[in-house]
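Numbers 4 to 421, taken from the numbering used here, label the letters of the sequence shown in order. Report on the following structure.
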Amino acid sequence: MSRTVRTITATVAALLLATACNSAATGNSPDSKGSSVRGVTDDAIKVGGIVSMTTASGYSKKDTDLGAKARFARANAEGGINGRKIDYLGAEDDGQDPAKNLAAARKLVQQDKVFAISPMSSVTFSGADFLQKQKVPTFGWGTIPSFCGPTYIYGFGGCMVPMPGGTISQTWPEGLKQVTHGAKGKTVAILANDNDAGTFAIRTYKQSFASAGYKVTFAKSSVPATSVPSDWSAYTKEILRSNGGKAPDIVVSVMQTPYNIGLFTAVKRSGYHGVLTDPTDYDPGLLAKSATKEALDGVHILLTFAPFETRSAAMKQFKADIKKASGGKDVPLNMHMMTGYMSADLFLSIAQKAGRDLTVASFQKAADGFSDTGTMVGDRALPKGQKESFGCGALVQLKNGAYHVSSPFKCYEPIPFK
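Written out as structure tokens, the structure reads:
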């Protein structure tokens, strides 16, 4: 081999090595169709999810996956997004474990090469920093701080637990005014789990209820998050004496269903006749067990989306999509389905706006300034939604084995978070 040929060969080899290194560094490896964008080919966009399908307490968000499948399936049936179908890989189960959440995020990005993660539904989101650094558009329910601020992470209803400098949604306390006939002279006790999410929830809702005119007499994140207490007497005793030795007018639980069942059962057995409320128990499947139905009877449940009882074209479409994704079965609807569905819907809406030349950069450009109106979560707007909630919601009450709207779906002005 001549010196000139050896020089050219060495130069080409160096260029190929540099190209390979750059590709590895960005996480975007060329696919068989010639695209250099991670998860995007000429005819498909690869998306995966992360959902707590199993948990130590038995609580499951598995239907979040079904909701996403239903929305993506309709998008594909309508021709896809700008000529590309959604290749939805399904959701990884993080078991509500921080280590598994991060492992799932790494697998989806580094091994499965997804363009986006939608939905992400878990009370632990340890994979958030990794996804932000890897520039992976991620969509879920913005009920934890990780959805508030990062440029690549979006809450389908906006940011619901903002950092100082942001805003707080007033949907819950303002909606409750319909139930308590105003806030003047009314007292509130708030209980949450002893974890980061619970601590933040207490800080947020303590300010929220006080700003709405209620007097907060108790606000603690003291219930173990690893297992449901078998004895609730210590908690109920403290709550029911928090109003100057008397019971408060409202008991607010910012916990998951197994905890709410235990707490509300214990509170009712004490003879309490005030208002009980939580943000998680809108699930007709809970009515299958008489004990569960009895424990949650009378409870007012916060929704950050239009109730299933709403008669609108969007709700009719949602129900039809869920039924089709369930193999034609009339399955009981729940809020997890809506979480997956609306997470997917926001991703699809932004991707559609990004156009045929889909890259992370074009996606982010489309997100910046994105807005629409009249959705099942209200009027959406970005990047506003990465700093504050869209501010819309409703309350439903479980009464005699059925849910009834106790405060209609409405949007409220947020307040500054201090």
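Virtual Cβ for every residue (Gly too), placed ideally from N, Cα, C.
query: Span of the alpha helix (DSSP H), counted from its first residue to its last, around Ala-47; result: Segment 47–54 is the beta strand (DSSP E) holding Ala-47; no alpha helix (DSSP H) there.
query: Residue from Ala-317, Gly-388, Thr-313 and Met-379 whose Cα sits closest to the Cα of Tyr-406; result: Thr-313
query: Gly-350 to Ala-108 span [Cα, whole Å]; result: The question names Gly, yet the displayed sequence has Phe at residue 350. Roughly 17 Å between the two C-alpha positions.
query: Residue(s) in a DSSP beta bridge with Met-246; result: With the sequence shown as reference, residue 246 is identified as Asn, and Met is not the correct amino acid for it. Paired residues: Lys-249.
query: Cβ-based burial, Asn-196 [other Cβ within 10 Å; buried from 16]; result: buried
query: Whole runs of the beta strand (DSSP E) within the segment 139–214, excluding any shorter than 3 residues; result: 141–143, 156–158 and 190–196
query: Where the alpha helix (DSSP H) through Ser-346 begins and ends; result: 338–357
query: Three-state secondary structure assigned by DSSP to Met-123; result: strand
query: Ala-316 versus Asp-375: straight-line alpha-carbon distance, rounded; result: 16 Å
query: As assigned by DSSP and simplified to three states, the class of Gln-400; result: strand
query: Alpha carbon of Ser-225 to alpha carbon of Ala-237, nearest angstrom; result: 11 Å
query: Whole-angstrom C-beta distance between Phe-133 and Leu-179, which should lie under 8 Å; result: At roughly 38 Å, the Cβ-Cβ gap does not stay under 8 Å, so Leu-179 and Phe-133 are not in contact.
query: Alpha carbon of Val-257 to alpha carbon of Asp-360, nearest angstrom; result: 43 Å
query: Residue from Thr-207, Val-380 and Ile-353 whose Cα sits closest to the Cα of Gly-372; result: Ile-353
query: Terminal residues of the beta strand (DSSP E) in which Asp-90 lies; result: 88–96
query: C-alpha gap between Thr-67 and Lys-189, whole angstroms; result: 36 Å
query: 6 Å Cβ shell around Ser-129 - same chain, five flanking residues per side excluded; result: Pro-101, Asn-104 and Leu-105
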